[in-house]
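Encoded as structure tokens, the structure appears first; notes follow it.
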Ligand code: XMP
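In this note's numbering, the protein residues as written are 1 to 524.
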């Protein structure tokens with residue numbers, strides 16, 4: 001979506017692992033920013049982007065190396081404030097006439113430094129306003145090279161034992177450069193430096209969800225005109241927020257398609273249909289295709305084959321219903337900003353990571369549809385904030401992720417209706433327990449998997465021979481790595497008892513304590 005109304009800050013990415021955190025800190029300050037890899041930031045790009053301020057990120061390279069990453073030199077002539085972080089500081093010094101030394105060279109001040117350090121102030125600087133609560137502040141350093149001589153016009157405003165030029169500035173030009181990373185958790189008050197920086201750059205904090213909502217609605221109307229849009233609704237946060245936003249923009253020109261493959265959780269289909277059709281009054285096709293999916297999955301136990309069958313049928317079903325919507329020219333997707341950020345690659349040009357939606361991958365081209373992606377500028381927590389702004393209930397907004405193939409990948413081995421029914425009941429009890437104990441929001445994802453094994457038990461005076469199940473609960477930031485959630489033994493015991501008492505068909509409960517890697521979150 002073209003952003004023309006907000007004050008914009010440009011982050012030039014030199015390849016730091018934590019560049020996204022800079023963007024997070026700024027968005028929290030209601031400042032709109034975009035991350036662009038240095039390779040893409042040309043003079044023409046800069047002129048077109050017209051940033052109100054620029055931040056140079058950190059990065060793994062050394063400015064002492066010929067051909068190392070640099071911004072276009074016109075950046076320094078724009079007359080806007082610039083903040084250089086770590087490698088960004090070194091770039092500024094090297095570009096503007098200072099000196100940077102590599103590795104552990106001492107003399108001229110400074111050695112390589114990794115981890116916690118303490119900075120003490122030297123003189124007054126608006127960037128540091130209110131920052132030094134005590135005589136020194138904890139910061140996080142991660143640099144091999146160091147500045148050995150300041151560029152003309154710069155002065156030192158903070159030092160650490162190994163970084164005499166920890167905080168530097170040329171106040172006449174509004175250039176600021178720090179050796180440490182204010183964006184990370186281990187610089188506890190680092191957010192204040194960003195706050196000071198955007199304040200001195202004159203940002204008014206116009207990036208609010210209310211403002212975004214207005215702008216996004218106008219942009220959707222401009223893009224779509226009087227044409228029709230279809231949206232695959234899964235009940236997950238992203239597609240739900242996208243649907244509600246688009247509906248607010250174009251009303252009945254939007255039709256949602258909700259594919260019920262028979263692999264949903266207890267009450268899920270009713271919940272989604274009630275919410276969107278009855279509450280939001282959206283045209284919604286509830287494609288009840290349980291027979292089709294479960295029929296084709298009958299007797300299949302190989303995980304990859306299951307996924308392929310579900311993926312293929314999903315596209316067929318979606319396409320069938322979408323075809324029936326006359327005049328549809330657009331497909332809505334809940335693509336988020338982290339999916340479209342181009343990351344710096346040192347093996348060649350910038351690499352692009354774009355999520356191909358598991359549900360409708362390849363469909364837009366196949367059906368000749370154009371994409372509407374109103375969440376492309378947002379981080380996940382901003383999507384949640386927008387959902388709240390749009391009036392979606394907290395139960396939808398705070399939901400754990402749920403995979404496209406649904407319960408199929410939580411039912412190792414053959415899928416039967418009987419097993420699915422047992423699984424749904426056990427899962428509902430487990431989630432109820434987690435909510436009752438106030439743990440739901442601490443956990444990234446929690447679910448039950450029904451195992452393809454029957455075990456012997458004894459209930460009352462009788463012998464049982466029923467399924468075993470595994471409880472899974474993990475903490476994670478992005479689903480790429482995960483650790484098991486450390487429930488108390490009391491919680492696990494109480495939950496096992498409830499499941500065995502309340503769910504006929506299960507007589508044994510286990511807890512999965514595998515991290516990812518080496519495991520995955522789902523069982524298949
Ligand atoms: P794994 O099991 O790979 O899962 O550790 C990581 C995260 O991705 C979710 N997941 C999927 N989501 N379609 C989806 O939309 C899929 O095919 C799929 N497979 C796994 C999983 O629930 C977890 O959040």
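Yeah, the Cβ is synthetic: ideal placement off N, Cα and C, and Gly gets one too.
None of these values were measured; they are calculated from a predicted model.
The alpha helix (DSSP H) enclosing residue i, as first and last residue numbers
i, result
"residue 503", "Where residue 503 is concerned, there is no enclosing alpha helix (DSSP H), given that its DSSP letter is neither H nor E."
"residue 480", "Element bounds for residue 480: n/a, residue is neither H nor E."
"residue 381", "380 to 389"
"residue 197", "190 to 200"
"residue 344", "Careful: residue 344 lies outside any alpha helix (DSSP H) and carries neither H nor E."
"residue 269", "268 to 273"
heavy atom of the ligand XMP below 7 Å from residue i C-beta
i, result
"residue 522", "yes"
"residue 516", "yes"
"residue 338", "no"
"residue 307", "yes"
"residue 445", "yes"
"residue 130", "no"
"residue 412", "no"
"residue 405", "yes"
"residue 479", "yes"
"residue 303", "no"
"residue 401", "yes"
Residue i versus the options, residue with shortest Cα-Cα distance
i, options, result
"residue 197", "171, 38, 521 and 187", "171"
"residue 445", "482, 458, 451 and 463", "482"
"residue 255", "261, 144 and 245", "245"
"residue 194", "211, 209, 241 and 129", "129"
"residue 201", "10, 276 and 288", "10"
"residue 605", "274, 513 and 148", "What is shown of the chain runs 1 to 524, which leaves residue 605 out entirely."
"residue 391", "156, 311 and 275", "275"
"residue 494", "511, 370, 480 and 266", "511"
"residue 154", "231, 92 and 115", "92"
"residue 232", "225, 226, 241 and 224", "241"
"residue 503", "53, 162, 468 and 35", "468"
Range of the contiguous beta strand (DSSP E) that encloses residue i
i, result
"residue 314", "Residue 314 -> not in any beta strand (DSSP E); alpha helix (DSSP H) instead, spanning 303 to 323."
"residue 285", "284 to 288"
"residue 27", "It is not in any beta strand (DSSP E) - residue 27 instead sits in the alpha helix (DSSP H) that spans 19 to 28."
"residue 115", "113 to 121"
"residue 565", "Residue 565 lies beyond the range of the chain shown here (1 to 524); nothing can be said about it."
Beta-carbon spacing of residue i, residue j below 8 Å
i, j, result
"residue 122", "residue 158", "yes"
"residue 7", "residue 175", "no"
"residue 145", "residue 102", "yes"
"residue 118", "residue 160", "yes"
"residue 37", "residue 456", "no"
"residue 399", "residue 237", "yes"
"residue 451", "residue 428", "no"
"residue 332", "residue 229", "yes"
"residue 249", "residue 220", "yes"
"residue 76", "residue 96", "yes"
"residue 415", "residue 474", "no"
"residue 183", "residue 18", "yes"
"residue 313", "residue 330", "no"
"residue 124", "residue 131", "no"
"residue 405", "residue 307", "yes"
Heavy atom of the ligand COA within 7 Å of residue i beta-carbon
i, result
"residue 266", "Looking at this structure, you won't find the ligand COA anywhere; what it does contain is the ligand XMP."
Point to revise | Every unbroken alpha helix (DSSP H) within the stretch 391 to 478, with a cutoff of 4 residues, ordered by chain | key: 394 to 397 and 417 to 436
Exercise for review: Can you check the stretch 202 to 250 for any alpha helix (DSSP H) of at least 4 residues that lies completely inside it and give the ranges in chain order?
Suggested key: 209 to 224 and 237 to 250
Exercise for review: Starting from the N-terminal side, write out each stretch of the alpha helix (DSSP H) that is 4 residues or longer and does not extend beyond the stretch 17 to 94.
Suggested key: 19 to 28 and 43 to 49
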